[in-house]
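Numbering (this note's numbering), first residue to last: 314 to 520.
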Amino acid sequence: MSKTWFDTLKRSFADVPVGEGNAISTTEFLEASESLATLFDVLGSKAFTPVKSDLLGNVKKLRDRQLAAPAESETVQALSVNELKTKKHTASEGLLWLVRGLEFTVQSLRRHIDNPAEKLSDSFRGAYGTSLSKHHSWAMGKAFGFAMGAAPDNESFYRSLAYVPAGGSVPEEDKKKIQEKLTREVQALENIVSILQKFQEQPEAKW
């Protein structure tokens, strides 16, 4: 199998360090989040631009805080707690929305892995209904709904991940390898999302 989307990632979530007490390293987490956002380019429709922009906009809020106070931002949790001590919550709110966006993305991919016969657009719609929909306005929900309807069919999705031109096909053996890589990434992201959601439930993470 030649180069795939996974080979282009600057950082995989499977390579994001999780230290003692589930402390998540900030730099690697942000790199992995940026890398995952490129998945929406692979989906091949400009309708996904708002989804990608939302993720990257929240990454920027965290990175701005990290650059402003690097010694207090070595882990994602420390970054948020230390910012909140200053009576500001720009980055912490960015983290809240970033985690929500990552939850939506990983739920979509998990549905696809567990239900390979389901249309990718239905996997995204189902995940949206159990994640982001309850946090979005009507207008934002409409924009995301439009994007999910533009998701490619499953075969086109794998062609894009494998960089196979339209009209070509992905050999079954290569498809299995891609599925293995996708599963690895999803499992790692599920763990990180779970850790951060539990952190955000703590009093020190609220404003």
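The beta-carbon is built from N, C-alpha and C at its ideal position, and this holds for glycine as well. The model shown is predicted, which means the values in this text are computed figures rather than measured ones.
- In the DSSP assignment, Y476 falls outside any alpha helix (DSSP H), carrying neither H nor E.
- Annotation for I508: the continuous alpha helix (DSSP H) segment containing it runs E485 to Q513.
- Taking the Cβ atoms as the reference, A440 lies roughly 6 Å from F417, within the contact range of under 8 Å.
- Within 10 angstroms of the beta-carbon of E498 lie 16 or more other beta-carbons, which makes it buried.
- One alpha carbon belongs to P330, the other to A336, and they sit about 8 Å apart.
- The segment 375-384 and the segment 462-482 do not touch, with fewer than three beta-carbon pairs separated by less than 8 Å.
- With a 10 Å radius around the Cβ and a threshold of 16 neighbouring Cβ atoms, S315 comes out exposed.
- In the DSSP assignment, S469 is bridged to no other residue.
- The Cβ atoms of P465 and L368 lie no closer than 8 Å to each other.
- When the five nearest sequence neighbours on each side are left out, the beta carbons in the same chain lying within less than 6 Å of the beta carbon of K365 are those of A350 and F353, in order along the chain.
- Residue state for V331 is assigned as strand, using DSSP reduced to three classes.
- The three-state secondary structure of T443, taken from DSSP, is helix.
- In the structure shown, the three-state DSSP call for S482 is coil.
- In this structure, S358 is the residue among G332, S358 and L343 with its C-alpha nearest to the C-alpha of S473.
- The C-beta separation of V506 from L415 comes to about 5 Å, placing the pair in contact by the 8 Å criterion.
- Residue state for S450 is assigned as coil, using DSSP reduced to three classes.
- If you draw a straight line from the Cα of E341 to the Cα of E406, it is about 19 Å long.
- According to the DSSP assignment, S338 belongs to no alpha helix (DSSP H), since it is labelled neither H nor E.
- Contact check for V394 against E486 fails: the beta carbons are separated by 8 Å or more.
- L392 and G332 have their C-alpha atoms some 15 Å from each other.
- When the beta-carbon positions are compared, H402 and W520 come within less than 8 Å of each other.
- In the structure shown, the three-state DSSP call for T388 is strand.
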